[in-house]
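A.B. asks: Using numbering that gives the first Met the number 0, the letters of the sequence shown map in sequence onto residues 0 to 121.
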Amino acid sequence: MPAKTVRVFKTAWFAKAAKKARIGDPELCAVIREVQRGQVDDLGGGVFKKRLNDNMYRSLILAKGGRNWVYAYLFAKKDRANISPDELAEFRKLAEAYGRMTGPEADAAVGNRDLLEICHDH
Numbered sequence: 000m001p002a003k004t005v006r007v008f009k010t011a012w013f014a015k016a017a018k019k020a021r022i023g024d025p026e027l028c029a030v031i032r033e034v035q036r037g038q039v040d041d042l043g044g045g046v047f048k049k050r051l052n053d054n055m056y057r058s059l060i061l062a063k064g065g066r067n068w069v070y071a072y073l074f075a076k077k078d079r080a081n082i083s084p085d086e087l088a089e090f091r092k093l094a095e096a097y098g099r100m101t102g103p104e105a106d107a108a109v110g111n112r113d114l115l116e117i118c119h120d121h
């Protein structure tokens, strides 16, 4: 059985927010490696919360099934403590959808610029 290919993405919305917060792809790729080692707050249902940029920001990473890791949401710690239960439920649904996403579907999302693929060499 072939090894499972792991791909890392950020949504177009996340990319804009990260650029504004001056969080680059090298930091995001380093953080994904930490997340994959379990150094993350697991919110359940494929939703993970991870601190970024010297603890100034929180990111939500969606990874149901562990094949597609998607940076989906970014917020400043000073602006809000956490997401609401309703938001968490919606992110869990999104995680489920990203978990089912096939390689060709991911390629199409990248081609449409809905997702941006990062960490190509990791």
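Just so you know, even glycine gets a beta-carbon here, dropped at the ideal spot from N, CA and C.
#1: Using the C-alpha atoms, what's the distance from Ile82 back to His121?
#2: Is Met100 buried or exposed, if buried means 16 or more other CB atoms sit within 10 Å of its CB?
#3: What three-state label does DSSP hand Ile60 in the structure shown?
#4: The alpha helix (DSSP H) that contains Ala17, what's its start and end?
#5: Grouping DSSP H, G and I as helix and E and B as strand, with all else coil, what is Val30?
#6: Between the Cα of Ala29 and those of Gly64, Leu51, Leu42, spot the shortest distance and give me the residue it belongs to.
#7: Express the C-alpha separation of Leu115 and Val46 in angstroms, rounding to a whole number.
#8: Asp106 to Asn54, Cα distance in whole Å?
C.D. replies: On the basis of the supplied data:
#1: For the purposes of this step, residue 121 is identified with residue 122 of the sequence shown, where counting begins at 1. For the purposes of this step, residue 82 is identified with residue 83 of the sequence shown, where counting begins at 1. With a pLDDT of 45 at His121, under the threshold of 50, the predicted position of this residue should be treated as unreliable, and no value is reported.
#2: The residue given as residue 100 occupies position 101 in the sequence shown. Met100 should be labelled buried.
#3: Here residue 60 refers to the residue found at position 61 of the sequence shown. Looking at Ile60 - three-state DSSP - the assignment turns out to be strand.
#4: Taking the sequence shown and counting its residues from 1, the one referred to as residue 17 is at position 18. Element bounds for Ala17: 11–19.
#5: Working through the sequence shown from its first residue, we reach residue 30 at position 31. Of the three classes helix, strand and coil, the one that applies to Val30 here is helix, per DSSP.
#6: Here residue 29 corresponds to residue number 30 of the sequence shown, with the count starting at 1. Across the set Gly64, Leu51, Leu42, the C-alpha of Leu51 shows the shortest separation from the C-alpha of Ala29.
#7: Within the sequence shown, residue 46 is the residue found at index 47, counting from 1. Within the sequence shown, residue 115 is the residue found at index 116, counting from 1. Cα to Cα, the separation comes out at about 19 Å.
#8: Here residue 106 refers to the residue found at position 107 when the sequence shown is read from its first residue. Here residue 54 refers to the residue found at position 55 when the sequence shown is read from its first residue. Note on geometry: alpha-carbon atoms of Asp106 and Asn54 lie some 32 Å from one another.
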